[in-house]
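K.L.:
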Amino acid sequence: MARKKKKVPEINASSMADISFLLLIFFLVTTTMDTDSGITRRLPPPIENPDMDVKVKERNILNVMINKYDKLMVNGKPGDVSTLKDITKEFITPRPNDEKAPEVETKEIELIGSFMTNKGVVSLKNDRGTSYMMYIAVQNELAKAFNELREEVAMRYFQQHYADITDKDKLDAVNKAVPVRISEAEPEEIK
Amino acid sequence: MAKFRKNEAKEVPAISTGSMPDIIFMLIFFFMVTTSMRETSLKVKMKLPEATEVQKLEKKSLVSFIYIGPPTNTKLYGTESRIQLNDQYARIDDIIPFIEQERLDRAEADRPLLTTSLKIHEEVRMGLVTDVKQELRKCGAFRINYSVRKGE
Numbered sequence: 002m003a004r005k006k007k008k009v010p011e012i013n014a015s016s017m018a019d020i021s022f023l024l025l026i027f028f029l030v031t032t033t034m035d036t037d038s039g040i041t042r043r044l045p046p047p048i049e050n051p052d053m054d055v056k057v058k059e060r061n062i063l064n065v066m067i068n069k070y071d072k073l074m075v076n077g078k079p080g081d082v083s084t085l086k087d088i089t090k091e092f093i094t095p096r097p098n099d100e101k102a103p104e105v106e107t108k109e110i111e112l113i114g115s116f117m118t119n120k121g122v123v124s125l126k127n128d129r130g131t132s133y134m135m136y137i138a139v140q141n142e143l144a145k146a147f148n149e150l151r152e153e154v155a156m157r158y159f160q161q162h163y164a165d166i167t168d169k170d171k172l173d174a175v176n177k178a179v180p181v182r183i184s185e186a187e188p189e190e191i192k
Numbered sequence: 019m020a021k022f023r024k025n026e027a028k029e030v031p032a033i034s035t036g037s038m039p040d041i042i043f044m045l046i047f048f049f050m051v052t053t054s055m056r057e058t059s060l061k062v063k064m065k066l067p068e069a070t071e072v073q074k075l076e077k078k079s080l081v082s083f084i085y086i087g088p089p090t091n092t093k094l095y096g097t098e099s100r101i102q103l104n105d106q107y108a109r110i111d112d113i114i115p116f117i118e119q120e121r122l123d124r125a126e127a128d129r130p131l132l133t134t135s136l137k138i139h140e141e142v143r144m145g146l147v148t149d150v151k152q153e154l155r156k157c158g159a160f161r162i163n164y165s166v167r168k169g170e
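Quick note, the sequences are listed as chains W and X, same order. Just so we're aligned, residue 2 is where the first sequence starts under our numbering, counting upward by one. Just so we're aligned, residue 19 is where the second sequence starts under our numbering, counting upward by one.
1. Would you identify the three-state DSSP class for Ile-191 (chain W), choosing helix, strand or coil?
2. Roughly how many angstroms lie between the CA atoms of Val-30 (chain X) and Ile-41 (chain X), to the nearest whole one?
3. Below 8 Å, how does it come out for the region 75 to 86 of chain X and the region 128 to 148 of chain X: are there three or more Cβ pairs, yes or no?
4. Spell out whether any CB of chain X is found under 8 Å from the CB atom of Ile-62 (chain W).
5. At a CB distance below 7 Å, what residues from the region 60 to 75 of chain X approach chain W? Give them in sequence order.
6. What does Tyr-85 (chain X) pair with, by DSSP beta-bridge criteria?
7. Which bits of chain W does Glu-141 (chain X) rub up against, with CB to CB less than 9 Å?
8. Sort W:Asn-141, W:Asp-37, W:Glu-59 and W:Lys-101 by Cα distance to Lys-77 (chain X) and report the nearest one.
9. Could you tell me which chain W residues have their CB closer than 8 Å to the CB of Ser-79 (chain X), listed as they occur along the chain?
10. Pull up the DSSP beta-bridge partners for Ala-69 (chain X), would you.
11. For Arg-43 (chain W) and Phe-22 (chain W), I'd like the C-alpha separation in whole angstroms.
12. With 8 Å as the threshold, decide whether the Cβ of Lys-86 (chain W) is near any Cβ in chain X.
13. Is the region 67 to 87 of chain W close to the region 131 to 140 of chain W, with three or more CB pairs under 8 Å?
14. Let me check one thing: in DSSP terms, what residues is Glu-185 (chain W) bridge-paired to?
15. Does chain X have any CB closer than 8 Å to the CB of Ala-155 (chain W)?
16. Looking at C-alpha atoms only, which residue of X:Thr-134, X:Val-62, X:Gly-169 and X:Leu-154 is the closest neighbour of Asn-163 (chain X)?
17. Beta-carbon of Met-66 (chain W) versus every beta-carbon of chain X: anything under 8 Å?
18. Should Arg-145 (chain W) be flagged as near chain X, meaning a C-beta pair shorter than 8 Å?
19. According to DSSP, is Arg-172 (chain X) helix, strand or coil?
20. Met-17 (chain W) CB to nearest chain X CB: under 8 Å?
21. Would you say Pro-115 (chain X) faces chain W, with C-beta separation under 8 Å as the test?
22. Restricting to runs no shorter than 4 residues, where is the alpha helix (DSSP H) found entirely within the region 31 to 108 of chain W?
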């Protein structure tokens, strides 16, 4: 009868934008862009023979101790977190002519050539009662000292900031030139 | 006809909003893809210490988390720091089975690259942290990361 075919009414899509805005805002609010970051360390493998102590020359060790009151002792003297970085940096900087400084070793490193590396080890010891905040603060200061030295090496040999180096070989070279040597004491039984 | 056209052309044409939903949908998809929904709900208080020398954890899928902190529900569980693995409190002996399980869940090639991220409340005493580290050493999980907040 009808001459025209009945048209299916079009769905109104103008509110689509509103709906999708709503969804967008939901995701914006709930998203936590938490990029996990932290201080990466490598634990040493368990020691098989606890009685066998490795003897290290005294001049090659920087003793850092934290007691249960979160007070620092650096090489037998009371220390502070604010000065720890400079002490550590001075300690790990190769100084071949200084009798009291740690020994140096000339190594052949790819891309850099012969380079004087430091044999110094930072020995970190903490009490069971030390707070984690203090421990991380100390670890951070130590890491800062190593990173500053790496930065200097990277600038000198590659004219690049350490953080900007993407080439793996260059990164390895710098890491080899300035190895992070932090030794943590075996936990001792309470006497 | 020409007259008509001239008159119409004078009006500024409305900007078509027809493609707006598409643009918004594109944004939604971006956020949906990048969002990482937290898998575990924390049962311990978590206030990470601050540090400046941080490195990013590269592959999220190769990280297993250990949470340590005082319980959120202090009335029920007291104030002493607890270890949380997955969704529940755990004892120190549970760490080795946990790491073994985490290894089994990864592809064989990835297992040596597994990193353990230690998310520890800043007031936790080092005794507990040392115990956890000893357990990790025992089962060969040497790569660890002390999770921190990036500070100034």
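Idealized CB from N, CA, C, for every residue including glycine.
P.N.:
According to the structure shown:
1. Only weak support exists for where Ile-191 (chain W) lies, its pLDDT of 41 falling under 50; the coordinates are left without a value.
2. 24 Å
3. yes
4. no
5. Pro-67, Ala-69, Thr-70, Glu-71, Val-72, Gln-73, Lys-74 and Leu-75
6. X:Gln-102 and X:Lys-137
7. Ser-132, Tyr-133 and Met-134
8. W:Asp-37
9. Correct list: empty, because the minimum Cβ distance to chain W is about 12 Å.
10. X:Lys-168
11. 46 Å
12. no
13. yes
14. W:Leu-125
15. no
16. X:Thr-134
17. no
18. Checking the sequence shown, residue 145 (chain W) turns out to be Lys, not Arg. Lys-145 (chain W) counts as touching chain X.
19. Here chain X has residues from 19 to 170 only, and residue 172 (chain X) is not among them.
20. yes
21. no
22. 82 to 93
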